[in-house]
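A.B. asks:
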Amino acid sequence: MVTRRLWCDAATADSAREALSFPGLQVLVRVDGETRRPDGVTTRETRYFAASLDPTRVTPARLLELVRGHWEVENGLHYVKDRWWDEDRHTCRRPGLAAGFTSLLTAALTVLRASGCAEAAGSMRGAADALGWDVGRAINLLTGSGF
């Protein structure tokens, strides 16, 4: 069982905006989570977020929804990038190489998702493998000629 408590603080955001040089900062959010596993073990976690949303126009429920959505995207990207392409095991010793690799990988995943290749191939990995085996198809996809 998971219990979450959300704390929103617009007043502290004013001083944090100056201290952090974060010009758009409007609200600080703290999410306290407590998870009770079936074996009785309880874990607690506190996470902090900064948002540029107008605190008079966004509800705490919406903020919590956005926090959950952030982690859904983050976890989904981690699974694809690390589990399928072993991103965390790549060792880049030259300056800028790791950032470049990450950018290229993210761009490739974006192309696969946006083009519908993953659905056509049955999975993201299947689409990537198919394009890896047929460079002509990959070039057609990148030039807009189709999958």
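Everything in the sequence shown is counted per our numbering, starting at 588 for the first residue and increasing by one. We treat Cβ as the ideally placed atom computed from N, Cα and C, and that holds for glycine. Since the structure is predicted, the reported quantities are computational estimates derived from the model, not experimental observations.
(1) Just the C-alpha distance for ALA705 and MET711, rounded to the nearest angstrom, thanks.
(2) Can you look up TRP672 in the DSSP assignment and give me helix, strand or coil?
(3) Given a cut-off of 8 Å on the beta-carbon distance, is the pair LEU593 and VAL614 in contact?
(4) For ALA638 and VAL616, which I take to be in contact (beta-carbon distance under 8 Å), what is that distance rounded to the nearest angstrom?
(5) Measure the Cβ-Cβ separation of ALA714 and ALA707 and say whether it is below 8 Å.
(6) According to DSSP, GLU632 sits in a beta bridge with which residue or residues?
C.D. replies: Looking at the atomic coordinates:
(1) Cα-Cα distance, rounded: 4 Å.
(2) The answer is coil: DSSP assigns TRP672 none of H, G, I, E or B.
(3) No, Cβ-Cβ distance for LEU593 and VAL614 is not below 8 Å.
(4) ALA638 to VAL616, Cβ: 6 Å. Contact.
(5) Yes.
(6) Answer by DSSP bridge pairing, in chain order: GLY620.
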